[in-house]
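Line by line, the protein sequences give chains E and R.
Start counting the first sequence at 328; every next residue gets the next number (my numbering).
Start counting the second sequence at 14; every next residue gets the next number (my numbering).
Read the structure below first, then the notes.
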Amino acid sequence: MAHRSLPAIALLSLASPAFAQDTLNALVWCDHTDPALILPFEEKFNVKVNLKEYEGTAAGMAILDQSQPGDWDVLVIDAVDVPRAVAAGKLAEIPADKLPTADFFPELVMAANNTVDGKTYAVTEKFGYNTISFDKTKVDPADMDDMAILTSGKYDGKIGIYDYYLPVLGLVALGQGIDTADINAETLATLNAPLMALRKASRQVSDVVSSQTALATGDVDIIFGGGEWLTAVLAADNPNLDWTIPKQGALRWAQSIGVVAGTTKPDLALEFVQYVVSPEGQAALAQSACYWGMPANMKAGDLLSAEAKAVLRWDQQPEYLKRAQLYPIPDAATDTAMQDMWTTMLNQ
Amino acid sequence: MSLQSAERKLGWGLLAPALLWTVAFFVLPFLAMVALSFAHMEGRAIVEVFDPGNYVRAFSEWSQLKALINSIEITVTVTVISVVLAWPLAAIIAWQVPARYQRLALLVAVLPFWTSYVVRSYSWLLVLGDNGVINKALMAVGLIAEPLALASTRTATVIGFVHFFVMLLTLTIYANLIQLSPNYARAAQDLGAGRWATFRHVILPLTLPGVITGAFVTFVLCIGDYITPQILGGNAELTLPQLIMLQMGRSGNFPMAAALSVVLMAVVILVYAGCSRWLRLDRL
Numbered sequence: 328m329a330h331r332s333l334p335a336i337a338l339l340s341l342a343s344p345a346f347a348q349d350t351l352n353a354l355v356w357c358d359h360t361d362p363a364l365i366l367p368f369e370e371k372f373n374v375k376v377n378l379k380e381y382e383g384t385a386a387g388m389a390i391l392d393q394s395q396p397g398d399w400d401v402l403v404i405d406a407v408d409v410p411r412a413v414a415a416g417k418l419a420e421i422p423a424d425k426l427p428t429a430d431f432f433p434e435l436v437m438a439a440n441n442t443v444d445g446k447t448y449a450v451t452e453k454f455g456y457n458t459i460s461f462d463k464t465k466v467d468p469a470d471m472d473d474m475a476i477l478t479s480g481k482y483d484g485k486i487g488i489y490d491y492y493l494p495v496l497g498l499v500a501l502g503q504g505i506d507t508a509d510i511n512a513e514t515l516a517t518l519n520a521p522l523m524a525l526r527k528a529s530r531q532v533s534d535v536v537s538s539q540t541a542l543a544t545g546d547v548d549i550i551f552g553g554g555e556w557l558t559a560v561l562a563a564d565n566p567n568l569d570w571t572i573p574k575q576g577a578l579r580w581a582q583s584i585g586v587v588a589g590t591t592k593p594d595l596a597l598e599f600v601q602y603v604v605s606p607e608g609q610a611a612l613a614q615s616a617c618y619w620g621m622p623a624n625m626k627a628g629d630l631l632s633a634e635a636k637a638v639l640r641w642d643q644q645p646e647y648l649k650r651a652q653l654y655p656i657p658d659a660a661t662d663t664a665m666q667d668m669w670t671t672m673l674n675q
Numbered sequence: 014m015s016l017q018s019a020e021r022k023l024g025w026g027l028l029a030p031a032l033l034w035t036v037a038f039f040v041l042p043f044l045a046m047v048a049l050s051f052a053h054m055e056g057r058a059i060v061e062v063f064d065p066g067n068y069v070r071a072f073s074e075w076s077q078l079k080a081l082i083n084s085i086e087i088t089v090t091v092t093v094i095s096v097v098l099a100w101p102l103a104a105i106i107a108w109q110v111p112a113r114y115q116r117l118a119l120l121v122a123v124l125p126f127w128t129s130y131v132v133r134s135y136s137w138l139l140v141l142g143d144n145g146v147i148n149k150a151l152m153a154v155g156l157i158a159e160p161l162a163l164a165s166t167r168t169a170t171v172i173g174f175v176h177f178f179v180m181l182l183t184l185t186i187y188a189n190l191i192q193l194s195p196n197y198a199r200a201a202q203d204l205g206a207g208r209w210a211t212f213r214h215v216i217l218p219l220t221l222p223g224v225i226t227g228a229f230v231t232f233v234l235c236i237g238d239y240i241t242p243q244i245l246g247g248n249a250e251l252t253l254p255q256l257i258m259l260q261m262g263r264s265g266n267f268p269m270a271a272a273l274s275v276v277l278m279a280v281v282i283l284v285y286a287g288c289s290r291w292l293r294l295d296r297l
């Protein structure tokens, strides 16, 4: 019986990175494609940073599996999935003493995720919340302090659900008084009814752009699973859009960056990682055109405008961090069960 | 070497690049996909054994089967509506528009092709929204008091598809109609057929190959499309391509994605077999 982590076949058509001495190939999320973030690094080191976006750790791991060692130099990954990438041999160790984690929000150092067996493999770069976004002129902001209102009938047909099973099921779990760390096959069964009730009350389950469009055009007034990353880029044109953390809590998302194992440019890759977590890189990343998010490095606050900090709720972070839990980290079987539940919900 | 043998070799030689291309980029990947569809997942690893479980799951789990049913329902609806709209449009261009303006008329008909497919879909989302053009117009004239829920529905998906495929079908049906000699209709009418009988017994059967060819292409493109239902459907229901994407992008379950893709292809083959009698792909 032959085992293989991911197939070479299915992703044959995925892009290969460009090969050149003066290039750095990074597998990233869309917020890293903002020229405001990348150009200063390219100019400083006289290199071209080739960026390939991916969505979902499974897809990212598949791309790495499909590639040759040295194809990729830098990887951005969900912080909770760093140990999984390390176990698969995809990340190289990076020197902890060359990272400014002393300047980070303490909760965002996330050593339990970024460090394996005492070795550092990644560093947190950005974080935010999956919670409730809403139009404060259409809904009573006080209602949004309790997520139970969403299935009370009051906002039926005016709710959108963010199309990502992990944070939404995590939020549903919080609504049932279940910590995200306690989601397993047994507790998952109790989430089915509230998830389906939420689906029944909602109008759509949509990706980032469709969720933003629906909120901005008034098709929906609430996005369950949204947060500052969803509304911040719309804030200038739609000051009525807001977000909050209900009394049941919220999920904290966090993304990490690391150097890919087998890179032929480890020094340049490390320079890129250091740049991204520097105050300058962090300020640019926080306000990326794709989506905003809080920088992990507190010193980025010196470079952010008062308006940007207000949108990000900079001053409320100590309280928010206390009330938010990390994404669920399901084992493979629970993960499959969660996705099956999600598929059933979509086809309800 | 005989002349016949030399010609045969030349024929194979000329055919070889296309054959190699097809084998390398269609046949082999397809066989690989079929082989992968019989593997299964253990945890996050793929186990390469012969296991028809993915196919059993595709037809026995309601959420999976529903996606196939949704895809077929949407595709048939889109194909029928597109044909009904495109036929008269093509006929008007072919028979009513003066020859010197026909090219311009076709250009205008396919103008929406020039915009990005994704941009066009998002544009429809804005048009169909609660505060979109359609709802605002209907409310302004007093036909409705509350906005109709058009965006993020199957209706929105069908509208987005029809907008695209009417253009495509107009071209294929027009290509068929323009080759039709007006003498057929004249002969039928000389023999006493009325306008309706002429259309039903002469014109329509003669244009059927063009219609079926366009409808088949519409079916194939529509049933395999991911973008339109994803953007306009609001995940109100899943189609098969969306389910395939979920299996690949989220689950990393490539065997299941491969099995669903084979099912999708089987549907297309069945439809091809069903309408092969009338298909004239050379008319495209």
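Heads up, the beta-carbon is just placed ideally off N, CA and C, and yes, glycines get one too.
Residue j and residue i - do their beta-carbons sit closer together than 7 Å?
| i | j | result |
| --- | --- | --- |
| alanine 386(E) | glycine 262(R) | yes |
| valine 91(R) | valine 179(R) | no |
| glycine 502(E) | isoleucine 550(E) | no |
| alanine 271(R) | serine 50(R) | yes |
| alanine 103(R) | threonine 183(R) | yes |
| alanine 611(E) | leucine 364(E) | yes |
| leucine 256(R) | serine 134(R) | no |
| leucine 418(E) | tyrosine 448(E) | yes |
| leucine 81(R) | leucine 253(R) | yes |
| leucine 673(E) | asparagine 248(R) | yes |
| aspartate 358(E) | tyrosine 618(E) | yes |
| lysine 532(E) | aspartate 569(E) | Note that residue 532(E) corresponds to valine in the displayed sequence, not to lysine. No. |
Considering just the uninterrupted stretch of the beta strand (DSSP E) at residue i, what are its terminal residues?
| i | result |
| --- | --- |
| lysine 379(E) | 375-380 |
| glutamate 61(R) | Premise fails: glutamate 61(R) is in no beta strand (DSSP E) and is neither H nor E. |
| phenylalanine 229(R) | Per DSSP, phenylalanine 229(R) belongs to no beta strand (DSSP E); it is in the alpha helix (DSSP H), 217-236. |
| asparagine 352(E) | 350-355 |
| glutamate 634(E) | It is not in any beta strand (DSSP E) - glutamate 634(E) instead sits in the alpha helix (DSSP H) that spans 633-639. |
| leucine 568(E) | 568-571 |
| valine 460(E) | Sequence check: residue 460(E) is serine here, not valine. Start and end: 450-462. |
Indicate the three-state DSSP secondary structure (helix, strand or coil) for residue i in the structure shown.
| i | result |
| --- | --- |
| methionine 437(E) | coil |
| alanine 306(R) | This structure leaves residue 306(R) out entirely; chain R is present only between 14 and 297. |
| glutamine 609(E) | helix |
| proline 622(E) | strand |
| isoleucine 191(R) | coil |
| alanine 363(E) | helix |
| glutamine 582(E) | strand |
| glutamine 395(E) | coil |
| isoleucine 488(E) | strand |
| glycine 287(R) | helix |
| isoleucine 656(E) | coil |
| aspartate 472(E) | helix |
| alanine 651(E) | strand |
| leucine 245(R) | helix |
| valine 275(R) | helix |
Is the Cβ of residue i closer than 7 Å to any Cβ of chain E?
| i | result |
| --- | --- |
| leucine 33(R) | no |
| leucine 273(R) | no |
| serine 136(R) | no |
| lysine 79(R) | yes |
| asparagine 144(R) | yes |
| alanine 164(R) | yes |
| arginine 290(R) | no |
| glutamate 250(R) | yes |
How would you write the range of the alpha helix (DSSP H) that residue i sits in, first residue to last?
| i | result |
| --- | --- |
| serine 50(R) | 41-50 |
| aspartate 594(E) | 593-603 |
| threonine 544(E) | 535-544 |
| methionine 523(E) | 519-528 |
Give a yes or no on whether the minimum CB-CB distance between residue i and chain R is below 7 Å.
| i | result |
| --- | --- |
| leucine 542(E) | no |
| glutamine 348(E) | Per-residue confidence for glutamine 348(E) stands at a pLDDT of 49, beneath the threshold of 50, marking its modelled position as unreliable; no derived number is given. |
| leucine 378(E) | no |
| alanine 596(E) | no |
| proline 655(E) | no |
| arginine 530(E) | yes |
| arginine 331(E) | At arginine 331(E), the pLDDT of 39 sits below 50, so the modelled position is not reliable; the number obtained from the coordinates is stated separately. It does; some Cβ of chain R falls within 7 Å. |
| Contact the segment 164-174 of chain R vs the segment 75-89 of chain R: 3+ CB pairs below 8 Å | The segment 164-174 of chain R makes contact with the segment 75-89 of chain R: 3 or more CB pairs, one atom from each, lie closer than 8 Å.
| request: State whether the segment 576-584 of chain E contacts the segment 405-420 of chain E, with contact taken as three or more CB pairs (one from each stretch) at a distance under 8 Å. | output: Contact holds between the segment 576-584 of chain E and the segment 405-420 of chain E, because three or more Cβ pairs, one in each stretch, are under 8 Å apart.
| query | Using 8 Å as the threshold, is the segment 451-470 of chain E in touch with the segment 620-630 of chain E, meaning 3 or more CB pairs across them? | reply | Output reads yes: the segment 620-630 of chain E touches the segment 451-470 of chain E.
| At a cut of 8 Å, does the segment 217-224 of chain R reach the segment 184-191 of chain R through at least three beta carbon pairs? | Verdict: yes, contact present.
| request: Say whether the segment 552-559 of chain E touches the segment 365-380 of chain E, bearing in mind that this needs 3 or more beta-carbon pairs closer than 8 Å, one atom from each stretch. | output: Touching, no.
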